[in-house]
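A.B. asks:
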Amino acid sequence: MATEEYRGAPHGGGLSGRLSDWVNDHIRTVLLGPSLVALLVVFIYPAVMLVWLSLQNTRGIGETFEPAYNYGRIFTDPTFWNAVEKTLIYSFGSLFLSVGAGLVVALALNKVLDSRIRNAYSTLILISWAVPLSIVGVTWRWMFNGQLGVVNKVLLDLGVLESSYSWLGNSLSAMVVVILADSWSRIPFAAVVLLAGLQSIPQEMYDAAKMDGATTWQTFRNVTLPYLRPSFFVAGLITWMFAFRAFAIPFSTTGGGPGGATETLAVYIHRFGIQLLDYGFASAVSMFLVAVTLVVATGYVYFILEQIEEIEV
Amino acid sequence: MAGADFTVEQYRRRQRVWDVLESRYVVHLVLFLAVFFIISPLIWQLLTSFKSPQGVLELTYLPTDPTLDAYERALIERGFWRAVVNSVIVASASTVIVMVLGTPAGYVFSRFRFPYDNAVFVFVLFTRLFPPIGLVTPYYRIVTTFGLLNTKTGIVIANVYLWLPLVIYIMRNFFITIPQALDEAARVDGCTKLQAFRHVVFPVVLPGFAAGTILTFLYSWREFLFAFTVSTDLQSMTIPVATFLFVGDAGIDWSAMAAAAIVAVIPSALVVIFFQRYIVVGLTGGLKG
Chain A
1 MATEEYRGAP HGGGLSGRLS DWVNDHIRTV LLGPSLVALL VVFIYPAVML VWLSLQNTRG
61 IGETFEPAYN YGRIFTDPTF WNAVEKTLIY SFGSLFLSVG AGLVVALALN KVLDSRIRNA
121 YSTLILISWA VPLSIVGVTW RWMFNGQLGV VNKVLLDLGV LESSYSWLGN SLSAMVVVIL
181 ADSWSRIPFA AVVLLAGLQS IPQEMYDAAK MDGATTWQTF RNVTLPYLRP SFFVAGLITW
241 MFAFRAFAIP FSTTGGGPGG ATETLAVYIH RFGIQLLDYG FASAVSMFLV AVTLVVATGY
301 VYFILEQIEE IEV
Chain B
1 MAGADFTVEQ YRRRQRVWDV LESRYVVHLV LFLAVFFIIS PLIWQLLTSF KSPQGVLELT
61 YLPTDPTLDA YERALIERGF WRAVVNSVIV ASASTVIVMV LGTPAGYVFS RFRFPYDNAV
121 FVFVLFTRLF PPIGLVTPYY RIVTTFGLLN TKTGIVIANV YLWLPLVIYI MRNFFITIPQ
181 ALDEAARVDG CTKLQAFRHV VFPVVLPGFA AGTILTFLYS WREFLFAFTV STDLQSMTIP
241 VATFLFVGDA GIDWSAMAAA AIVAVIPSAL VVIFFQRYIV VGLTGGLKG
């Protein structure tokens, strides 16, 4: 196989020469092999174990092989469906808020012509993306604290509230707080992706629209939005997928409470798998989460695969 | 779509609203509000971290007599400095391993055809899209079995699972942007394929490599789920876990917690300020073909 390609100068004999020839002939294995072996160990091994565990009854002491046990429990456990419902509210809430606010920020950033000012803004906005998610959680928990939180303090001082409100003690407002916290950390990502999309729109399109006498709104609808569609697709799908599996923010903000009101599937899995040591059931729920995410992710992979055709070799 | 359907008068009326919306003042107002929304929680943590426990109870906006006591309580009395050291070690080790493994792999996917190459690449993407929470339960068992509970090694291995596929994908996208003719020219000049990669193509892709490195470091620095699952003591715990555990206490020392949060955010914030360009390139480069 190697002879048909450029070989360069012969390396002569000797061990190093032959080793070098061997590397040259097996370059793909040498460069890619270690990664694939690593993924085999760190991904395939636990993934196979996940499937195996989901078929075990681990509720009592020890494990027994009962393939239908955990999957049967999923569909009869009302708290599971509560977690599904909360996950959907959480992920779609975060999706609309992050992508919506991200779009507004991206459009505004795109209007700032001075690149230094634009960079200053985007640096400040990107900071929330870099904050560890558990710290996002404890920060919002602190701000919305019923007695000492700054949010109550501001609202009381402004006269909006008459007495302190227990934000994290009420199901509805707790959900609002975790969605806000989640969006807070995801807006920069959406804004960056959408801004990149905006900047890839050829200026001629805008010039042409202007020549045709289009209003700003018409230009936005007929030029900007169609061009942005791939960016929306990417930003939206990624945001949704990551919010769907969110653990750190709901866990560190409310711990899933009050009374399971913000218990997403990931928090639910963690409760059973790590806290209650009911491996089998946690694994079965994980299989459900994996299945849902992967169905959606398949769409994303197809989107990427379309672009693979570009490689010609 | 054009102006034929409506008169100049109507056009002007409709356009007037947009002229206002697009004006400099509105644009900067929007950005100012966005920055305020992003920064104010961090400012609040910063202000809280300068308060005494008594000052926290007094509910003032600004610390009445600013003090660094909270930092001393968090970092020294509670041993939080260990978590800082652990985080530096874990994030650095994870980044080195992931970049060393992932960069050549990305190069292969950008250059070579081999049997089932698309299937292998889809496998890499699949690994990336697989929800990590799904692996936490089996991972916890594996780590327990191999005696890696409460070790930094256990966290580093998890980071390799989390970020290696991402880096392979990002690096592939960067390598694709470099013309294949460059490798071929190097080989005509007598380079082996490995030399062509190391001495000719890799230097050109260095900005992409920097983007990958910075992203991996930040992601490893931020990681909570696996670090929390693997470590429960200060020998191995990273900053996100240690800060979270402050909240678990019965009487929360809010100012110490705020100090810990600020210590955790400072490195991230510095990386963002100095390497913003690379992060944006990495985030968008990791998404597009």
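Listed in order, the protein sequences are those of chains A and B. For what it's worth, the UniProt record's numbering labels the leading residue of the first sequence as 1, then goes sequentially. For what it's worth, the UniProt record's numbering labels the leading residue of the second sequence as 1, then goes sequentially. All C-beta atoms in this analysis are idealised placements derived from N, C-alpha and C, irrespective of residue type, glycine included.
By Cβ distance below 6 Å, which residues in the same chain neighbour residue 234 (chain B) in space, the five residues on each side in sequence not counted?
C.D. replies: Within the second sequence, residue 234 (chain B) is the residue found at index 234, counting from 1. Cβ neighbours of residue 234 (chain B) beyond the five flanking positions: 79 and 82.
A.B. asks: Find the residues of chain A that neighbour residue 9 (chain B), judging by a C-beta separation of less than 9 Å, and give them in chain order.
C.D. replies: Here residue 9 (chain B) corresponds to residue number 9 of the second sequence, with the count starting at 1. Under the 9 Å cutoff, chain A gives no residues; its nearest Cβ is about 13 Å from residue 9 (chain B).
A.B. asks: Where residue 152 (chain B) and residue 84 (chain B) are concerned, what is the direct C-alpha to C-alpha distance, given to the nearest angstrom?
C.D. replies: As a first step, residue 152 (chain B) must be located in the second sequence, where it is residue number 152. As a first step, residue 84 (chain B) must be located in the second sequence, where it is residue number 84. Approximately 13 Å between the Cα atoms of the pair.
A.B. asks: For residue 219 (chain A), which residues from the same chain have a beta carbon less than 8 Å from its beta carbon, with the 5 sequence-adjacent residues on both sides left out?
C.D. replies: As a first step, residue 219 (chain A) must be located in the first sequence, where it is residue number 219. Same-chain partners within the cutoff: 206, 209 and 210.
A.B. asks: Going by beta-carbon coordinates alone, are residue 34 (chain A) and residue 169 (chain A) separated by less than 8 Å?
C.D. replies: What you label residue 34 (chain A) is simply residue 34 of the first sequence in a count that begins at 1. What you label residue 169 (chain A) is simply residue 169 of the first sequence in a count that begins at 1. Cβ distance not < 8 Å, so residue 34 (chain A) and residue 169 (chain A) don't count as in contact.
A.B. asks: Could you give the DSSP three-state label for residue 64 (chain A): helix, strand or coil?
C.D. replies: Translated into positions along the first sequence, residue 64 (chain A) becomes position 64. Residue state, collapsed to three classes: strand.
A.B. asks: Using a beta-carbon distance below 8 Å, is residue 193 (chain B) in contact with chain A?
C.D. replies: As a first step, residue 193 (chain B) is located in the second sequence; it is residue number 193 there, counting from the start. It does; some Cβ of chain A falls within 8 Å.
A.B. asks: Anyone know if the C-beta pair for residue 316 (chain A) and residue 161 (chain A) falls short of 8 Å?
C.D. replies: Absent from the model: residue 316 (chain A). The displayed extent of chain A is 1 to 313, so no value can be given.
A.B. asks: Measure from the alpha carbon of residue 143 (chain A) to the alpha carbon of each residue in B:254, B:17, B:7 and B:30, then state which is nearest.
C.D. replies: As a position in the first sequence, residue 143 (chain A) is number 143, starting the count at 1. Answer by Cα proximity: B:254.
A.B. asks: Along the chain, where does the alpha helix (DSSP H) containing residue 10 (chain B) start, and where does it finish?
C.D. replies: Your numbering for residue 10 (chain B) matches position 10 in the second sequence. Its alpha helix (DSSP H) spans residues 8-21.
A.B. asks: Are the C-beta of residue 206 (chain B) and some C-beta of chain A separated by less than 8 Å?
C.D. replies: Position 206 of the second sequence, counting from 1, holds the residue named residue 206 (chain B). Answer no: the Cβ-Cβ gap between residue 206 (chain B) and chain A never drops below 8 Å.
A.B. asks: Any C-beta of chain A within less than 8 Å: which residues of the region 232-250 of chain B qualify?
C.D. replies: Listed by position along the chain: 239, 240, 241, 243, 244, 246 and 247.
A.B. asks: In terms of residue numbering, what span does the alpha helix (DSSP H) encompassing residue 28 (chain B) cover?
C.D. replies: Here residue 28 (chain B) corresponds to residue number 28 of the second sequence, with the count starting at 1. 24-49 is the extent of the alpha helix (DSSP H) around residue 28 (chain B).
A.B. asks: Cβ of residue 141 (chain A) less than 8 Å from any chain B Cβ?
C.D. replies: Taking the first sequence and counting its residues from 1, one reaches residue 141 (chain A) at position 141. With 8 Å as the cut-off, residue 141 (chain A) counts as an interface residue toward chain B.
A.B. asks: Given a threshold of 16 other Cβ atoms within 10 Å of its Cβ, counted over all protein chains shown, does residue 276 (chain B) qualify as buried or as exposed?
C.D. replies: Within the second sequence, residue 276 (chain B) is the residue found at index 276, counting from 1. Residue 276 (chain B) comes out buried.
A.B. asks: Consider the Cβ of residue 49 (chain B): report whether some Cβ of chain A lies at a distance smaller than 8 Å.
C.D. replies: On the second sequence, residue 49 (chain B) is found 49 positions in, with the first residue counted as 1. Cβ-Cβ to chain A under 8 Å: no for residue 49 (chain B).
A.B. asks: Which same chain residues end up closer than 6 Å to residue 240 (chain A) when comparing Cβ atoms and leaving out the 5 residues on each side of it in sequence?
C.D. replies: The residue labelled residue 240 (chain A) in the question sits at position 240 within the first sequence. Hits under 6 Å: 91 and 95.
A.B. asks: Can a CB atom of chain A be found closer than 8 Å to the CB of residue 171 (chain B)?
C.D. replies: Reading the second sequence from its first residue, position 171 is the one you call residue 171 (chain B). Taking Cβ atoms only, chain A never reaches closer than 8 Å to residue 171 (chain B), which makes this a no.
A.B. asks: Give a yes or no on whether the C-beta atoms belonging to residue 283 (chain B) and residue 189 (chain A) are separated by under 8 Å.
C.D. replies: Locating residue 283 (chain B) in the second sequence gives position 283, counting from the first residue. Locating residue 189 (chain A) in the first sequence gives position 189, counting from the first residue. Contact: yes.
A.B. asks: Thinking C-alpha only, which one of A:277, A:298 and A:178 is nearest residue 54 (chain A)?
C.D. replies: Position 54 of the first sequence, counted from the start, is the residue given in the question as residue 54 (chain A). Residue A:277 is the option with its Cα nearest to residue 54 (chain A).
A.B. asks: Establish whether the CB of residue 226 (chain A) and some CB of chain B are separated by less than 8 Å.
C.D. replies: Taking the first sequence and counting its residues from 1, one reaches residue 226 (chain A) at position 226. No, its Cβ sits nowhere closer than 8 Å to a Cβ of chain B.
A.B. asks: Is any beta-carbon of chain A found at less than 8 Å from that of residue 202 (chain B)?
C.D. replies: As a working mapping, residue 202 (chain B) is identified with position 202 in the second sequence. No, residue 202 (chain B) does not count as interfacial toward chain A.
A.B. asks: What is the residue span of the alpha helix (DSSP H) that residue 30 (chain A) lies within?
C.D. replies: Residue mapping note: residue 30 (chain A) aligns to position 30 of the first sequence, counting from 1. Run containing residue 30 (chain A): 27-39, per the alpha helix (DSSP H) assignment.
A.B. asks: Rounded C-beta distance between residue 218 (chain B) and residue 121 (chain A)? I'm assuming under 8 Å.
C.D. replies: As a working note, residue 218 (chain B) is residue 218 in the second sequence. As a working note, residue 121 (chain A) is residue 121 in the first sequence. Contact flag wrong, Cβ pair sits at about 20 Å.
A.B. asks: If you compare alpha carbons, which of B:136, B:71 and B:101 is closest to residue 266 (chain A)?
C.D. replies: If you number the first sequence from 1, residue 266 (chain A) lands on position 266. Minimum Cα distance to residue 266 (chain A) is reached at B:136.
A.B. asks: Count the other CB atoms within 10 Å of the CB of residue 56 (chain A); is the residue buried (16 or more) or exposed (fewer)?
C.D. replies: Here residue 56 (chain A) refers to the residue found at position 56 of the first sequence. When all chains shown are included, residue 56 (chain A) counts as buried.
A.B. asks: For chain B, is any of its Cβ atoms less than 8 Å away from the one on residue 60 (chain A)?
C.D. replies: Residue 60 (chain A) sits at position 60 when you count from the first residue of the first sequence. No, its Cβ sits nowhere closer than 8 Å to a Cβ of chain B.
A.B. asks: Within the same chain, show all residues whose beta-carbon is closer than 6 Å to that of residue 8 (chain A), passing over the 5 residues directly before and after it, in chain order.
C.D. replies: Here the question's residue 8 (chain A) lines up with position 8 in the first sequence. Since pLDDT at residue 8 (chain A) reaches only 47, below the 50 mark, its modelled position is unreliable, and the value read off the structure follows with that caveat. Excluding sequence neighbours, residue 8 (chain A) sits near nothing in its chain.
A.B. asks: In whole angstroms, give me the CA-to-CA distance for residue 222 (chain B) and residue 190 (chain B).
C.D. replies: As a working note, residue 222 (chain B) is residue 222 in the second sequence. As a working note, residue 190 (chain B) is residue 190 in the second sequence. In a straight line, the C-alpha of residue 222 (chain B) is about 44 Å away from that of residue 190 (chain B).
A.B. asks: Do you know whose CA, among A:216, A:236 and A:139, lies nearest residue 14 (chain B)'s CA?
C.D. replies: Here residue 14 (chain B) is taken as the residue at index 14 of the second sequence, counted from 1. Ranking A:216, A:236 and A:139 by Cα distance to residue 14 (chain B) puts A:216 first.
A.B. asks: State yes or no: is the beta carbon of residue 196 (chain A) nearer than 8 Å to at least one beta carbon in chain B?
C.D. replies: Here residue 196 (chain A) corresponds to residue number 196 of the first sequence, with the count starting at 1. It does; some Cβ of chain B falls within 8 Å.
A.B. asks: Mind checking whether residue 243 (chain A) and residue 268 (chain B) have CB atoms under 8 Å apart?
C.D. replies: Locating residue 243 (chain A) in the first sequence gives position 243, where the first residue counts as 1. Locating residue 268 (chain B) in the second sequence gives position 268, where the first residue counts as 1. Not in contact: residue 243 (chain A) and residue 268 (chain B) (Cβ atoms no closer than 8 Å).
A.B. asks: To the nearest angstrom, how far is the alpha carbon of residue 127 (chain B) from that of residue 166 (chain A)?
C.D. replies: In the second sequence, counting from the first residue as 1, residue 127 (chain B) sits at position 127. In the first sequence, counting from the first residue as 1, residue 166 (chain A) sits at position 166. Cα to Cα, residue 127 (chain B) sits roughly 41 Å from residue 166 (chain A).
A.B. asks: Let me know the alpha helix (DSSP H) ranges lying completely inside the region 213-240 of chain B, each 4 residues or longer, listed in chain order.
C.D. replies: Qualifying alpha helix (DSSP H) stretches, in chain order: 225-230.
A.B. asks: Quick one: measure Cβ to Cβ for residue 105 (chain B) and residue 256 (chain B), integer angstroms, because I've assumed they're closer than 8 Å.
C.D. replies: Position 105 of the second sequence, counted from the start, is the residue given in the question as residue 105 (chain B). Position 256 of the second sequence, counted from the start, is the residue given in the question as residue 256 (chain B). Not a contact, Cβ separation roughly 43 Å.
A.B. asks: Going by DSSP, what residue range makes up the alpha helix (DSSP H) through residue 104 (chain A)?
C.D. replies: The residue you call residue 104 (chain A) lines up with position 104 of the first sequence. Looking at the DSSP string, the run of the alpha helix (DSSP H) that includes residue 104 (chain A) is 78-111.
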